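A short worksheet on the structure shown next.
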Amino acid sequence: MDPILTKHVREPNAFTLDFYLQHQGYDGLRKALTMKPDEVVELVRASGLRGRGGAGFPTGMKWQFVDRKSEKPRYIACNADESEPGTFKDHLLMERNPHLLIEGCAIACYAIGAKIAYIYIRGEFLHVQRVLEAAIDEAYPRGFLGKGVLGSGFDCDVFVHRGAGAYEAGEETALLESLEGKRAQPRNKPPFPAVVGLYGAPTAVNNVETLANVPLIVLNGAEWYAGLGPEKNGGPKLYCVSGHVKRPGVYEASMTITLRELIEGRAGGVRDGRTLKAIIPGGSSVPILLPNQLDTQASYDGIQKAGSLLGSAGIVALDDTTCMVWLAENLVHFYRHESCGKCTPCREGTDWLYKILQKIERGEGQMRDLDLLSSISANIAGKTLCAFGDAAVTPVLTTLQHFRHEYEAHIKEGRCTLPADWRGRRSVAAH
Amino acid sequence: MTFHPDMAYGATFHKSARQLEPGMKDGVPFEYTAENRARFDEIVTRYPPDCRRSAVLPALYLAQYQEGYITASAMRYVAALLEMTPADVEDVVSFYTMFYTKPVGKFVLQVCRTLSCALNGAERVTEDLQTKLGIRPGQTDPSGTFTLVEVECLGACDRAPVVMVNDAWHECLKPEDAAKLVDDLRARGEAALSGCYHVVEDKRTG
Numbered sequence: 001m002d003p004i005l006t007k008h009v010r011e012p013n014a015f016t017l018d019f020y021l022q023h024q025g026y027d028g029l030r031k032a033l034t035m036k037p038d039e040v041v042e043l044v045r046a047s048g049l050r051g052r053g054g055a056g057f058p059t060g061m062k063w064q065f066v067d068r069k070s071e072k073p074r075y076i077a078c079n080a081d082e083s084e085p086g087t088f089k090d091h092l093l094m095e096r097n098p099h100l101l102i103e104g105c106a107i108a109c110y111a112i113g114a115k116i117a118y119i120y121i122r123g124e125f126l127h128v129q130r131v132l133e134a135a136i137d138e139a140y141p142r143g144f145l146g147k148g149v150l151g152s153g154f155d156c157d158v159f160v161h162r163g164a165g166a167y168e169a170g171e172e173t174a175l176l177e178s179l180e181g182k183r184a185q186p187r188n189k190p191p192f193p194a195v196v197g198l199y200g201a202p203t204a205v206n207n208v209e210t211l212a213n214v215p216l217i218v219l220n221g222a223e224w225y226a227g228l229g230p231e232k233n234g235g236p237k238l239y240c241v242s243g244h245v246k247r248p249g250v251y252e253a254s255m256t257i258t259l260r261e262l263i264e265g266r267a268g269g270v271r272d273g274r275t276l277k278a279i280i281p282g283g284s285s286v287p288i289l290l291p292n293q294l295d296t297q298a299s300y301d302g303i304q305k306a307g308s309l310l311g312s313a314g315i316v317a318l319d320d321t322t323c324m325v326w327l328a329e330n331l332v333h334f335y336r337h338e339s340c341g342k343c344t345p346c347r348e349g350t351d352w353l354y355k356i357l358q359k360i361e362r363g364e365g366q367m368r369d370l371d372l373l374s375s376i377s378a379n380i381a382g383k384t385l386c387a388f389g390d391a392a393v394t395p396v397l398t399t400l401q402h403f404r405h406e407y408e409a410h411i412k413e414g415r416c417t418l419p420a421d422w423r424g425r426r427s428v429a430a431h
Numbered sequence: 001m002t003f004h005p006d007m008a009y010g011a012t013f014h015k016s017a018r019q020l021e022p023g024m025k026d027g028v029p030f031e032y033t034a035e036n037r038a039r040f041d042e043i044v045t046r047y048p049p050d051c052r053r054s055a056v057l058p059a060l061y062l063a064q065y066q067e068g069y070i071t072a073s074a075m076r077y078v079a080a081l082l083e084m085t086p087a088d089v090e091d092v093v094s095f096y097t098m099f100y101t102k103p104v105g106k107f108v109l110q111v112c113r114t115l116s117c118a119l120n121g122a123e124r125v126t127e128d129l130q131t132k133l134g135i136r137p138g139q140t141d142p143s144g145t146f147t148l149v150e151v152e153c154l155g156a157c158d159r160a161p162v163v164m165v166n167d168a169w170h171e172c173l174k175p176e177d178a179a180k181l182v183d184d185l186r187a188r189g190e191a192a193l194s195g196c197y198h199v200v201e202d203k204r205t206g
């Protein structure tokens, strides 16, 4: 499959409105406005588009759930708080193809009967936000946004809202809290945002890449879209490959592609003549896969069958120098820092996990610590308001499952037994 | 307070327990400049009239860009503008890591420390910057020029390791070049930074 979403990203003017208009820009919106809103929702449902943020929930269904009977205004909230470690696809998309997202927002608003879309972008992406805001400013005077879009009776505003450094703001209800001017902490569900969302009004929260797919579907049809990939995994997909590979980057492919083709083909394989030790296939929150699973199809269903999740498609390749205890410590440090603090098991538990991992990594661990890690993890997972708790314990459980011998070696030897390597380690002495 | 007898932790282990600086400079009155006030007035129109509170993050950014950090006076000022209580504003400020409640250096060096950057030498970057500046993460050097911070995933794992300097990015930093970056920043300011995709790609292809 030739790239669709990222076809022009390397061209110097790809982010300008003129360039976009020369490449079927806003034709999807023009076509959508000739349809009834419900027909647009039905089209997206029929295409099988699944949310690109991580959960893979069917977008059309999410839109169908939006409460039409409510007297309140409806909203689109675009999740551009891309913060999952290993994920950087929305970054590229917004920076190089911002009008595609804006068009997607406008079509989504039309489909669910909203007049405003807020793009919640993480605070660290100020350079991306400037590109996006410049693109929005270009779109208004040409009638793609504003009152009476393209001469129709449909009004649509798109605003960019800047976050301020909180991973948890990427959780859909925490995003809405943050957008309402509060701490980014999740709400109890149900009610789901489609019924009670932003300002208590029905809201659809969609990822950047998800909305960027919408103009393509409207323009080319549901059948075309579904046919781009395996059954129930249609459309183009952006994969982020990073870690110990020769050519890290964003690669667009049909979900028929395998992890091997992505890591060994597109990304050039493991660098420095090393061998692959493990793969994180969907951002830091998903279980690890092993090299003998490289031929797994990198689709939502394919990766799930292999025992992990496609998540946000943040693929991190780890070579044989990577210490798995260090890896768990690094990621749990992340979750400990980012836990929003609302639920006790997650707030307290991530700190406990981190301290124990630090102890083992320092060479002061005891065998009973391994059971403690499992027991604390079991008391966090499934016992929190949002999926963060489950995500936070995954790096611990998955490394314990596949690399328990490394934990045991740390404890027995009182140190890491892998050759020290600058790429992953503090200086040899400190390690 | 601790929930576990064997798990004592400091008062500031979690951001929900983060305290604002004691004796924080709050005697100095705060007010937006005319320009910032105009920007604030525009920003507020993006949200429904009865949901002014939504503008708290942008309003705090304006205060931070004006003063360098967020003072207690600024929080009270923002609270009054948005019809919030000062406590609600403080609640927000203390939660989000991008708001500073004490003065920071002219350049805030934010080294991404999460997995993909760490696999590519982020720990070395931090170590070299520490040695070069003689400070530890979280500290500002005596001249007030540099503050060193370790931050979590910045979302540019393919350009690892990444350092964010104030709001600008420096990608593909080689660990051994970290110390040189300090000298370059002193000499050329933010022009020393590689920037993001746009700039980097344009430099490479152009």
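Protein chains in written order, with our numbering: chain H, 1 to 431; chain R, 1 to 206.
Ideal placement from N, C-alpha and C gives every residue a C-beta, glycine not left out.
Since the model is a prediction, treat every value here as computed from it, not as a measurement.
Short check: CB of N166 of chain R to CB of V125 of chain R, under 8 Å?
Contact: no.
Would you please state the rounded distance, in angstroms, between the beta carbons of N79 of chain H and L175 of chain H? I believe it to be under 8 Å.
The beta-carbon distance between N79 of chain H and L175 of chain H, rounded to whole angstroms, is 6 Å. This is short enough to meet the 8 Å contact definition.
So, is the C-beta of Y167 of chain H closer than 8 Å to a C-beta in chain R?
Y167 of chain H belongs to the set of residues whose beta carbon lies under 8 Å from a beta carbon in chain R.
Start and end of the beta strand (DSSP E) containing L276 of chain H?
From DSSP, the beta strand (DSSP E) with L276 of chain H extends over 276 to 280.
Once DSSP output is grouped into helix, strand and coil, what is the label at L310 of chain H?
Reduced to three states, the DSSP call for L310 of chain H is coil.
Any heavy atom of the ligand ADP closer than 7 Å to the beta-carbon of Q304 of chain H?
The ligand ADP is absent from the structure shown, which contains no ligand whatsoever.
Report yes or no: do three or more beta-carbon pairs, one from the region 15 to 23 of chain H and one from the region 107 to 126 of chain H, lie closer than 8 Å?
By the criterion of at least three beta-carbon pairs nearer than 8 Å, the region 15 to 23 of chain H is not in contact with the region 107 to 126 of chain H.
Suppose the cutoff is 7 Å on Cβ atoms and the five residues either side in sequence are ignored; what does the same chain contact list for Q366 of chain H look like?
These residues qualify, in order along the chain: I411.
Find the residues of chain R that neighbour R162 of chain H, judging by a C-beta separation of less than 8 Å, and give them in chain order.
Simply L57, P58, Y61.
Taking the CB atoms as reference points, tell me whether I76 of chain H and P236 of chain H lie closer together than 8 Å.
For I76 of chain H and P236 of chain H, no; Cβs fall outside 8 Å.
Hey, A156 of chain R and E176 of chain R are a contact pair by Cβ (cut 8 Å); roughly how many whole angstroms apart?
Not confirmed; about 20 Å, so no contact.
Minimum C-alpha distance to D295 of chain H - residue among H:E261, H:G86, H:P230:
Considering only alpha carbons, the answer is H:E261.
For the alpha helix (DSSP H) holding N379 of chain H, just list the boundary residues, first then last.
N379 of chain H -> alpha helix (DSSP H) spans 368 to 380.
Is there a Cβ of chain R sitting closer than 8 Å to that of G113 of chain H, yes or no?
It does not: the Cβ of G113 of chain H has no partner Cβ on chain R nearer than 8 Å.
Excluding sequence positions up to five away, which residues of its chain have a Cβ less than 7 Å from the Cβ of W63 of chain H?
Closer than 7 Å at the Cβ level, and outside the excluded window around W63 of chain H, lie V41, V44, A111, I112, A204.
Excluding the five sequence neighbours on either side, which residues of its own chain have a C-beta within less than 7 Å of the C-beta of Y300 of chain H, listed in chain order?
Correct list, in chain order: R50, G56, N233, L310.
The region 309 to 325 of chain H: which residues have C-beta closer than 8 Å to a C-beta of chain R, in chain order?
If the cut-off is 8 Å between Cβ atoms, the region 309 to 325 of chain H has G314, V316, L318, T322 near chain R.
With a CB to CB cut of under 6 Å and the five nearest residues on each side skipped, what residues in its chain are close to E90 of chain R?
If we look at E90 of chain R and ignore the five residues flanking it on each side, its Cβ neighbours are M75.
For S194 of chain R, would you say it is in contact with chain H, using Cβ-to-Cβ distances shorter than 8 Å as the test?
With respect to chain H, the C-beta atom of S194 of chain R has no partner C-beta closer than 8 Å.
Compare the beta carbon distance of G86 of chain H and S284 of chain H with 8 Å and say whether it is the shorter of the two.
Taking 8 Å as the Cβ cut-off, G86 of chain H and S284 of chain H qualify as a contacting pair.
Can you give, in chain order, each stretch of the beta strand (DSSP E) that sits fully within the region 70 to 131 of chain H and has at least 3 residues?
Runs of the beta strand (DSSP E) lying entirely within the region 70 to 131 of chain H, each at least 3 residues long, are 74 to 80, 114 to 121 in chain order.
Chain R contact for P3 of chain H (CB, 8 Å cutoff)
Not one chain R Cβ lies under 8 Å of P3 of chain H.
If we cut at 8 Å on Cβ distances, does A118 of chain R have a partner in chain H?
It does; some Cβ of chain H falls within 8 Å.
Can you have a look at E252 of chain H and say buried or exposed, based on whether 16 or more other CB atoms are within 10 angstroms of its CB?
When all chains shown are included, E252 of chain H counts as buried.
In chain order, what residues of the same chain lie with their CB nearer than 6 Å to the CB of P12 of chain H, ignoring the 5 residues before and after it?
Nothing meets the Cβ criterion.
Could you spell out where the alpha helix (DSSP H) holding M164 of chain R opens and where it closes?
Membership of M164 of chain R in any alpha helix (DSSP H) is not indicated; the residue belongs instead to the beta strand (DSSP E) covering 163 to 165.
Judging by CA-CA distance, which residue of H:P395, H:P230, H:I279, H:K277 is the nearest neighbour of V332 of chain H?
Checking every option, the nearest Cα to that of V332 of chain H belongs to H:P395.
Going straight from the alpha carbon of V160 of chain H to that of G105 of chain R, what length do you get?
So the alpha carbons of these two residues sit roughly 28 Å apart.
Could you check whether Q130 of chain R and L148 of chain R sit closer than 8 Å to each other, using their CB atoms as the reference points?
Going by C-beta atoms, L148 of chain R is nearer than 8 Å to Q130 of chain R.
With distance defined between alpha-carbon atoms, name the residue in H:A381, H:R347, H:N330, H:N379 nearest to I360 of chain H.
The candidate whose alpha carbon is nearest that of I360 of chain H is H:N330.
Distance, A378 of chain H Cα to Q185 of chain H Cα:
Rounded to the nearest whole angstrom, the CA to CA distance from Q185 of chain H to A378 of chain H is 22 Å.
Using a beta-carbon distance below 8 Å, is P248 of chain H in contact with chain R?
By this cut-off, P248 of chain H is an interface position.
Just to confirm my understanding: we take V131 of chain H, look at its own chain, exclude 5 residues before and 5 after, and list those with CB closer than 6 Å. What are they?
Excluding sequence neighbours, V131 of chain H sits near F15, E95, P98.
Within 10 angstroms of the Cβ of L289 of chain H, are there 16 or more other Cβ atoms? Answer buried if so, exposed if not.
So L289 of chain H ends up on the buried side.
Report the rounded CA-to-CA distance for V9 of chain H versus Q293 of chain H, giving the unit in angstroms.
Take the alpha-carbon of V9 of chain H and the one of Q293 of chain H: they are about 31 Å apart.
How is Y207 of chain R classed by DSSP in three states: helix, strand or coil?
A question about residue 207 of chain R goes unanswered here, because the residues of chain R that appear run from 1 up to 206.
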